[in-house]
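Worksheet for the structure shown next.
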Amino acid sequence: MPLRKMNENLEQHFVVKPHLQNSINLVQKNHKTTQNGKGGLTQEPHNLKPQNQSSPPSKIRGRRRGRGGRKSDQGEPFMRPSSRPCTVANKPVTAAPARAIIPAVDNGSVGTGSNLCEVDTGFPSSSKSLSFARRPGCGQIGTKCIVKANHFFAELPDKDLNQYDVSITPEVASRMVNRAIIAELVKLYKESDLGMRLPAYDGRKSLYTAGKLPFAWKEFTVKLIDEDDGTNCPKREREYKVVIRFVAQANLHHLGQFLAGKRADGPMEALQILDIVLRELSVKRYCPVGRSFFSPEIRRPQRLGDGLEAWCGFYQSIRPTQMGLSLNIDMASAAFIEALPVIEFVAQLIEKDVLSRPLSDSDRVKVKKALRGVKVEVTHRGNVRRKYRVSGITSQPTRELVFPVDDNSTMKSVVEYFQEMYGFTIQHTHLPCLQVGGNQKKANYLPMEACKIVEGQRYTKRLSEKQITALLKVTCQRPRDRENDILQTVQNNAYEQDEYAKEFGIKISEKLASVEARVLPAPWLKYHDTGKEKNCLPQVGQWNMMNKKMINGMTVSRWACINFSRSVQESVARGFCNDLAQMCQVSGMEFNPEPVIPIYTARPDQVEKALKHVYHACMNKLKGKELELLLAILPDNNGSLYGDLKRICETDLGLISQCCLTKHVFKINKQYLANVSLKINVKMGGRNTVLLDAISCRIPLVSDIPTIIFGADVTHPENGEDTSPSIAAVVASQDWPEVTKYAGLVCAQAHRQELIQDLYKTWHDPVCGTVSGGMIRDLLVSFRKSTGQKPQRIIFYRDGVSEGQFYQVLLFELDAIRKACASLEPNYQPPVTFVVVQKRHHTRLFANNHRDKSSTDKSGNILPGTVVDSKICHPTEFDFYLCSHAGIQGTSRPAHYHVLWDENNFTADGIQLLTNNLCYTYARCTRSVSVVPPAYYAHLAAFRARFYMEPDVQESGCSTGQGCKGARVVGDSVRPLPALKENVKRVMFYC
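Heads up: the sequence shown begins at 450 in the working numbering, then just goes up one per residue.
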């Protein structure tokens, strides 16, 4: 993203002198944190009491907590004292104790100045000295209840766990072969050299035992013999040297202390051993994929179309929790390639009769892409089922393929060879052959009709919309059904009879964990006073716009409409636009019923030409005034049209657009129109509703001082897209105390890079010298311009981070936040709370009694607002599960929030209530959503930015025909995304 140009007088640069580095690090090393090992503010917890929700809460006064950055000695525009403080807090902000002084930039200088800028962050320089926020206690607010979780108590073993290094010579790449080697070794030597131990093996380099082996180092010889292939030829025998060497003993006492909450650092090696032990039997029974296991025996596979089928399975993982070790079991589904004869697979894929007609060039490309990398087995040799991996298909039909059979270049056709060698007559010689090698020898060619796809191959490429819909039908289970399937899975796995679990002394409960939970109250929402209903209390996570008006309805005076759908007549389009304009007016907007120019009809393949025609026609008629809104009617199946339209509007023309599908134009639904009007209003810069507590300044640690709430996410390209970059998006609230409007910025970065690179950056300008920028800095300045105040507190919701990345993401991104703040003014370091949001986890919560309708919503799921922060949560760290939404279909997935860093000293109730209440401010619908809106908006912005990238010219060509521009990874560099227009980035364009 291009960065906003800052006035030179706003720039402040840090200079860290090299000779001061050691003293800085020394101060940091000796620094004592004030709370939970963090450099935070020492203050009393904020008292939160549940309020009577039968009527709108009356205005109350709360205590101000925390502090913002110090006042500037320079009197700069960014740092002027707040001119609009929230007046409910009478108590002055207390001074925080001094914190360690560390540099807010990389080691070394970033300029040539002579002053050292001291920044009191209390933030460690490496993960070795970093400790995550400790749990400040459990929450108390809400209606208490009991829920069941898909966690099963695992009794901690009392045996020593030992790790051994495994070295196999010659080296083997396949885990399956590695496992076969070790299985043969155990079979041969268990009763002798292994001392009756039954080891667990990870398939790579590590072997684990309960109790030590009789040796510290030993070499074994293992021979593997190929299976009987039905021929009289001698079987191939392969010999391997296996060296087993003692490495270490896992500290179970350390693990016990960690589970009891007496230690903050968990012994990952012990947890890893237990996880591998419990997976060992399932690896042999089922098809392992990551942490999940699949089998056609668990449930009958369901066809997804195009030669794919859905296999059911289960996810399994050992987790440290407050109740001790827990085995998390959940149901799972994945797409697998159906074990079909290759010809049948091809027929399904291209949906044509392949037996009587040759493949077209486009069909051949499609088949080649689908079969590349797939394992097949031959079927023309009786019991001989040799397996090959497909590398491609021939460009010629089988009847034209010939190859040399001797050194004299004597040629023979593939048809003749298979007839003479195997007595196999190739019937469909018009079809190409499969290639299973890279050169032109005869072994490379296999007739399609002589091959069958090997069972158990997961499909990792992109699914079509039809396949996704079919897979969702398979995975969608009502809570009661999912709970029963999980219990059945645990019984089928029979852990009490598992020889590996017995060997290691692990006992697994067969009962779901019963967990104390609370249902948080829904917040009151404020609408405009001109509506019949000025305040609204949502019921079971839902409400509607009847009798309500948007609290800040915007005006749309100048708009136009383009119709890209052939089936929509002009009169139908005009009627739809009139109904939409009327709904916007009813909802509280001022909407001119007449477009600037008549509705323009265009072909989808002329999107750029049509958009520019309408844009210039409107500009000419408006004599220079901006077109405020573009409505677009799209075909239901519109391919790249939607993405092209958004890219052109938002990065080229600077237009705010709203797209509507043909099916909604024909079937006009008031609920649909109401939702579209909500989207249009926020895209124009308005607000639909706000929290009543926000405008009454009653939200703890938000309302007392200007607070900015960030959301950040990184989306990665799908498997197989090796040249596509990852997309990072950051949004930030631009209003206070309402915290409802969010501006967003996006950028492209290295392929699969999770750390957001452009949060803060510096570069050298020939005129200005070192210049600071980045998404955080830009959004802080934007907040200052929008509110007239500087943020004095930062709350940062970070989506999409796995547990293994917590440390590096926190270290890198919190440091970037620090630098961005410090670049605006010396000593400007507002306290930060950094929260990771996770949705891709496997914890599910079920009602304790499915028959009790008062404890579930209409879909049978737990009630919105259900929060869990005990028993199944982390033993010491500050995390909680929150199901903030009402279920629609299937089983609701609660969001998992993990507070990694907290300088604002949130109580458990404080952060849980804030997060839950924010879920009711999502702009696009009148429902509470499953993920806190800042994180949700960041995900939407990142997803939108993918449309700005250059399409794959090799496969689809440039969709606009005008030379596409966008991000691509070329070597180590990433081509930046095209810039968003200024008027676009200021509003919620991604909604």
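Here a beta-carbon is modelled for each residue, glycine too, at the ideal position from N, C-alpha and C.
The residues Leu850, Val851, in chain order, have a CB closer than 7 angstroms to that of Ser862 in the same chain once the five nearest residues on each side in sequence are set aside. Residue range 948 to 953 is occupied by the alpha helix (DSSP H) that includes Ala950.
One thing to note: Cys761 has its Cβ within 8 angstroms of the Cβ of Arg748. Closest option to Cys900, judged by alpha-carbon separation, among Pro1042, Asp856, Lys824: Lys824. If you look at Glu1431, you'll find it in the alpha helix (DSSP H) that goes 1431 to 1434. DSSP, reduced to helix, strand and coil, places Asn1298 outside both helices and strands of the structure shown, so it counts as coil. Looking at the backbone, the Cα of Lys910 and that of Lys818 are separated by about 10 angstroms.
Burial is judged here by how many other beta carbons sit within 10 angstroms of a residue's own beta carbon; Thr859 has fewer than 16 and is exposed. C-alpha of Asp812 to C-alpha of Gly1169: approximately 20 angstroms in a straight line.
By the Cβ criterion, the segment 1280 to 1293 is not in contact with the segment 752 to 759, since fewer than three pairs of Cβ atoms, one from each stretch, lie closer than 8 angstroms. Assigned with DSSP and collapsed to three states, Tyr657 falls in strand. A distance below 7 angstroms between beta-carbons, with the five flanking residues on each side excluded, links Gly954 to the following residues of its chain, in chain order: Pro606, Asp607, Lys608, Ala659.
In terms of Cβ geometry, Ala1059 and Ala1066 do not form a close pair [threshold 8 angstroms]. Burial is judged here by how many other beta carbons sit within 10 angstroms of a residue's own beta carbon; Lys915 has fewer than 16 and is exposed. Annotated as distal: Arg838 and Thr878, with beta-carbon spacing of 8 angstroms or more. The bridge partners DSSP lists for Cys1217 come to none.
When the Cα atoms are used, Leu804 and Pro750 turn out to be separated by approximately 27 angstroms. Per DSSP, the unbroken beta strand (DSSP E) holding Phe785 starts and ends at 773 to 786.
Taking C-beta atoms as the reference points, Val885 and Ser958 fail to come closer than 8 angstroms.
Taken atom to atom, the span from the alpha-carbon of Arg694 to that of Ala649 is near 15 angstroms. A straight-line Cα-Cα distance of about 17 angstroms links Ile674 and Arg624. Annotated as proximal: Phe1013 and Pro1053, with beta-carbon spacing under 8 angstroms. When beta bridges are read from the DSSP output, Met999 appears opposite no residue. Val738 sits in a strand when the DSSP states are folded into three classes. Between Phe1245 and Ala1161, the C-beta spacing is below 8 angstroms. Judged by DSSP in its simplified three-state form, Glu898 adopts helix. Here Asn1130 has Met999, Gly1002, Met1003, Met1038, Asn1137 as same chain residues with Cβ atoms under 7 angstroms from its own Cβ, once five neighbours each way along the sequence are excluded. Secondary structure of Asn627 (DSSP, three-state): helix.
Using a 10 angstroms sphere on the CB of Asn1086, the tally of other CB atoms stays under 16, which defines it as exposed. For Val1317, the CB contacts under 6 angstroms within the same chain, skipping 5 residues up- and downstream, are Val964, Ala966, Tyr1330 in chain order.
Ranked by how close their Cα comes to the Cα of Lys1061, the residues Ile767, Asn599, Ala1009, Leu961 have Ala1009 in first place. Annotation: Ile1337 to Ser1308 spans about 6 angstroms, alpha carbon to alpha carbon. Between the alpha carbons of Gln1241 and Ile1154 lies a gap of roughly 6 angstroms. Leu701 and Pro769 do not touch by the CB rule: their CB atoms are close to 13 angstroms apart, not below 8 angstroms. Closest in C-alpha terms to Ser641, from the list Arg1233, Phe664, Asn1027, Ala1387, comes Phe664.
The residue from Gly905, Pro881, Arg907 with its alpha-carbon nearest to that of Met897 is Pro881.
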